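Chains as they are written, first to last, in the numbering used here: chain A, 178 to 803; chain B, 11 to 382. Ideal placement from N, C-alpha and C gives every residue a C-beta, glycine not left out. The structure presented is a predicted model; accordingly, all values stated were derived computationally and were not measured. One structure below.
Right under this line is the structure:
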């Protein structure tokens, strides 16, 4: 049968454009491949006019007029399989995503040429059944010569610029800065970031030794040099797995793999195993997993670089072409290797428990000994379980790494055990009780505040007839103790520091505040809420002193962790002392709350008059208002 | 090639759309593009070509200033001038600047490009610009004698089939610059698309009241309108258009558009020498009263000849200078924002006036003495 134009319809165009490249960024890869095939040293990819136009600019050899014409052929290519692109369809890959594709190119000692493809015409006719040649003829403009500016050189300049103009609004969800940067670092033949990935040199050297050819073009996106993942080293165990894949004694691919320290899935983009050919990624991380039927925990990062020329990727470059018998064999061996990696993961997860160790260390730091025994026994139980190491030779290097990790853990484990057994059992117990008790004290106090009478009633009662039980206690000798005194000493220091009072001034100040000359005398009550000589004004001023005292007391008590060493005095107290302390704190808070309520309406007038400027009474009151 | 695009420093509310499209056009040809407004003494650039735009003829001075400065600064570069002034008065320009290349009318090849908004970033006046400027059609179905559009753009023709792809990501508003949007064959698809996009839209050049029907009114009333207290704009230039204008307003009002937020442009001071007819102060007043009766807001538009070199100089044979002067004064004193909204005092004053002079007479200005 003899074919003519009528038989080859526009739907073929649809297949090689929308069919391959719609809704993804793979068209950019097509253009980068062309750039690399033209021996470019620099490839710049950038947006112009917001994210409307995407430009791929290289300093490759460029094209003359006939080469430019040929580049627009379909399914013909002057490239050999040495090159990366060889199907001759790449140039059309921008059709589904933009309104126009513009190519501007120049060879040394040649003119500058431009051609424009109107994608809208192609898209509109995709399903029209019109002969493909007719559609191509009306959608593709004529090659035009562009004049050179003064800056440009006819002899020297050589480049190709691909412009995807007016990216369609429907494509903006992938054609944006973030998506393209991620895509390119994952897919394009870009180097490692040596500053952040310490294995880079070792890997590069090994790949070079094994004959992996990687393009050396510098690829930039929006002016920034691109690197490929991983972007971290400290999340992996410090040893590379290097694997060579042979078929019939021919080396067809080499792979390198890193194993994560944590026994969990690594995070993107530092996770996954990728097939690479000539530096470009084939498919995605799932392509590797598809070769393996069992469970697999993606705890690795790795690359498998194809060396053999017989292994081809398919047109969409999301998989291999299966028409070569070797592909099946190769993928099977990859699947086997993954099984070994999985065994490695299993071994590692039993021998090492980094997460549990962190937890134990944290608990020890916080003096929380309650769950440590349990955690320790869990770790031990796991590591005691029998587990075999994989027989795969290339993975043997990991055994030492994991075993030495295991040894390190054992040493640490023993140290922890010693540490804990040195402590008397009752001491540990006592600490726990203290924690509980402090919590109770705190709860009691808040509970008590809620229960207390309304301040109005108290304002009447506090002075005379019906003093509450608690206020009676204030007058009792029980009230005096170390805590209050200490807090007052702290108050004194605070006054010294904040107001720069000397000792005399402090005495003067506190004396006037308290209405007593003997504030620091241990025989007297430091805070008198219900004394006969109380006058209104003195009461208010004393209130200030009390605020200082309370503020200091509580700021120290509850600002930090409960078992902070500065509260050793609390730990050291006997049961009676603690009960006393409890009652006293309740009393103080009680009085304070009532006073705050009582003087709320007076807006602290008296206080602000009587206190020197810079008093932090308002700030302190705010602390207590809640 | 290195191209320098220049917007002369005249008064304008809109960035130079033509130059922005030219920027895209040049970039599409691989050229380097630099954009400046007015005279930039610090410019570090050596252009192969300079392209200058122009606006109304009476704003010629800044254009000449730009031509002279950049010619002197870059004597080797080719200079091309486009825009309205260049299209209307090419001979005048050619005689003053023989070296000048002049482009008349639209530059069709640049029309399909998305304007390059990135070039505005470096310009103080435009750096905060946040609206996408779109012509969905060019030209007009009418041939109004006072209008430059038929002369520059010809008959109506759609230029875009959709709007979405012409909205710059991040912009907050769409400004449609169609001369006669409702006359465009694509009006329906575009109104529906605008509804989908759901961004505030501004029909900046006004709508043709004669083309409003139930369907259009419904679709228009359904849009999110970008306004500063105004929704749609129409023109009422001849008394014969009264029923069309009032119809259009009734229909929009039925769909919930507030009448006082509809702005009606009323032309005055125009005289058609071919037919020897024109508006008079009295027909102008009549139209004003008509609009006020429709409870809409009036925006008086003084006719300016296409080739006037100084603004507000032309006086129609049917008007006097004093009468023309009275209108801006009234707009300032009894109007609001240059317009006449239909508030009672104003409505009564105009309705009860015996003639134009009575309507536009204002109480003598009070003399105010300021004390220190």
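| Item | Value |
| --- | --- |
| Beta carbon of residue 309/B, beta carbon of residue 349/B: below 8 Å? | yes |
| Can you name the residues of chain A whose CB is closer than 8 Å to the CB of residue 56/B? | 327, 328 |
| Tell me the rounded alpha-carbon separation between residue 300/A and residue 56/B. | 41 Å |
| Contact check, residue 483/A vs residue 396/A under 8 Å by CB: the rounded distance? | Their Cβ separation, rounded to whole angstroms, is 20 Å, which puts residue 483/A and residue 396/A out of contact at 8 Å. |
| Excluding the 5 residues flanking residue 30/B on each side, which residues of the same chain have their C-beta closer than 7 Å to its C-beta? | 125, 126, 127, 129 |
| Under 8 Å Cβ to Cβ from residue 388/A, same chain only, skipping five residues before and after it: list those, please. | 428, 484 |
| CB residue 346/A to CB residue 140/B, shorter than 8 Å? | no |
| Between 592/A, 595/A, 564/A, which has its C-alpha nearest residue 804/A's C-alpha? | Within the shown structure, residues of chain A are numbered from 178 to 803, placing residue 804/A beyond reach of any answer. |
| Please list, in chain order, all residues of the same chain as residue 287/A whose beta carbon is under 6 Å from its beta carbon, the five residues on each side excluded. | 241 |
| Does any residue of chain A have a CB that is nearer than 8 Å to the CB of residue 80/B? | no |
| At what residues does the alpha helix (DSSP H) containing residue 510/A begin and finish? | 502 to 528 |
| Residues bridged to residue 349/B by DSSP? | 346/B |
| Taking a cut of 8 Å between CB atoms, which residues from the region 202 to 226 of chain A lie near chain B? | 225, 226 |
| Taking the CB atoms as reference points, tell me whether residue 508/A and residue 434/A lie closer together than 8 Å. | no |
| Across which residues does DSSP place residue 317/A in a beta bridge pair? | 294/A |
| Quick check on the burial criterion: 16 or more other C-beta atoms within 10 angstroms. Buried or exposed for residue 289/B? | buried |
| Would you list, in chain order, the members of the region 330 to 355 of chain A that have their beta-carbon closer than 7 Å to a beta-carbon of chain B? | 338, 340, 342, 343, 345, 346, 349 |
| Does the region 308 to 315 of chain A come close enough to the region 207 to 223 of chain A that 3 or more CB-CB pairs lie under 8 Å? | no |
| Quick one: is residue 324/A near chain B, going by C-beta distance under 8 Å? | yes |
| Is it the case that the Cβ atoms of residue 297/B and residue 276/B are separated by a distance below 8 Å? | yes |
| Spatial neighbours of residue 373/A within its chain, please: C-beta separation below 6 Å, excluding the five flanking residues on both sides. | 408 |
| Give the range of the beta strand (DSSP E) segment to which residue 275/B is assigned. | 273 to 278 |
| Quick one: is residue 153/B buried, meaning 16 or more other Cβ sit within 10 Å of its Cβ, or exposed? | exposed |
| Just verifying my parser: in three-state terms, what is the DSSP assignment at residue 385/B? | Any question about residue 385/B goes unanswered here, given that chain B covers just 11 to 382. |
| For the region 266 to 298 of chain A, which residues have a CB atom closer than 8 Å to at least one CB atom of chain B, in sequence order? | 276, 277, 279, 281, 289, 291, 293 |
| Below 8 Å on the Cβ atoms is my contact criterion, and I expect residue 245/A with residue 280/A to pass it. Report the Cβ-Cβ distance as a whole number of Å. | 7 Å |
| I'd like to know whether the C-beta of residue 229/A is nearer than 8 Å to at least one C-beta of chain B. | yes |
| With residue 235/A as the anchor, note down where its beta strand (DSSP E) starts and where it stops. | 230 to 235 |
| Tell me which residues share the same chain as residue 300/B and place their Cβ nearer than 6 Å to its Cβ, disregarding the 5 neighbours each side in the sequence. | 252 |
| Determine, using beta carbons only, whether residue 227/B and residue 262/B come nearer to each other than 8 Å. | yes |
| State the beta-bridge partners of residue 212/B as determined by DSSP. | 185/B |
| Buried or exposed, going by whether 16 or more other CB atoms sit within 10 Å of the CB of residue 327/B? | exposed |
| Going along the region 197 to 227 of chain B in order, which residues come within less than 7 Å of chain A, judged by CB to CB distance? | none |
| If you measure from the beta carbon of residue 127/B to each beta carbon in chain A, is any gap under 8 Å? | yes |
| Give a yes or no on contact between the region 278 to 289 of chain B and the region 205 to 219 of chain B, applying the rule of three or more CB pairs nearer than 8 Å. | no |
| Ignoring anything shorter than 3 residues or poking outside the region 126 to 158 of chain B, list the beta strand (DSSP E) runs there in chain order. | 141 to 144 |
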